[in-house]
């Protein structure tokens with residue numbers, strides 16, 4: 003559901019080469035998000051495990067194992083940097099922002115999606131705003147490896163210090179959708195015989211019978227037919243996810 007919404011946001015964007023994609027994993031999400039016609043110049047991830055699969059997607063001209071907090075690139079070598087739901091997983095995200103600014107050319111653009119504090123508030127409200135709710139939130143953040151939930155204002159200040167400015171933002175994933183997503187997430191990470199539910203589903207015979215691309219196409223079409231899912235008005239301040247475009251100063 004979340005990736006379907008992001009795919010429809012990102013598919014409307016024209017990216018200027020050379021392009022760097024931070025946090026690509028095994029490339030599966032990238033294949034879902036980006037147009038088939040788009041070939042990204044470089045994709046990086048700190049975890050080597052999934053990178054061979056990322057290479058096989060043929061989305062990327064080059065795939066590297068690299069840390070976003072210390073990237074192996076010269077200054078000002080990219081016109082575009084993309085990061086989808088990655089910076090919340092980076093412990094020192096401020097270092098990573100500094101690196102993005104360093105590798106971007108003047109007037110270059112950084113496209114980023116991240117969760118924001120509204121996600122935490124929604125989770126707490128679902129769990130009942132009690133001590134148990136805080137424990138549930140901590141468990142959720144630990145499982146998803148979420149280190150940060152920064153507000154738009156925080157991001158604006160952070161980018162300003164790194165010679166960048168936010169030129170566009172959009173909230174998406176309103177409260178009603180977040181509640182559904184959180185419920186599904188809780189169910190999927192429950193353990194049965196020391197194995198999470200999602201793992202059983204992912205490796206089931208049913209999953210082999212139904213082509214993955216068919217599921218992707220159905221989800222995309224469902225989202226496109228329901229504009230409500232695409233997000234919220236640009237100036238709305240309540241949405242669990244935030245899409246930002248920051249530009250490096252000339």
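Residue numbers (the numbering used here): 3 to 252.
We put the CB at the ideal spot given by N, CA and C, even for glycine.
In this structure, 22 is the residue among 155, 93, 22 with its C-alpha nearest to the C-alpha of residue 62. Following the DSSP letters along the chain, one finds residue 196 in no alpha helix (DSSP H), marked with neither H nor E. Excluding the 5 residues flanking it on each side, residue 248 has same chain C-beta neighbours closer than 6 Å at 112, 161, 166, 168, in chain order. C-alpha of residue 173 to C-alpha of residue 17: approximately 21 Å in a straight line.
Assigned with DSSP and collapsed to three states, residue 127 falls in helix. In this chain, the alpha helix (DSSP H) harbouring residue 55 covers 53–58. According to the DSSP assignment, residue 97 belongs to the alpha helix (DSSP H) that extends over 95–105.
With fewer than 16 other beta carbons inside 10 angstroms of its own, residue 170 counts as exposed.
By the Cβ criterion, the stretch 31–43 is in contact with the stretch 56–74, since at least three pairs of Cβ atoms, one from each stretch, lie closer than 8 Å.
Contact between the stretch 93–106 and the stretch 122–130 is absent: fewer than 3 CB-CB pairs across the two stretches fall below 8 Å. Contact between residue 107 and residue 78 holds, with the beta-carbon distance rounding to 5 Å and staying under 8 Å.
Here the alpha carbons of residue 8 and residue 163 stand approximately 27 Å from one another.
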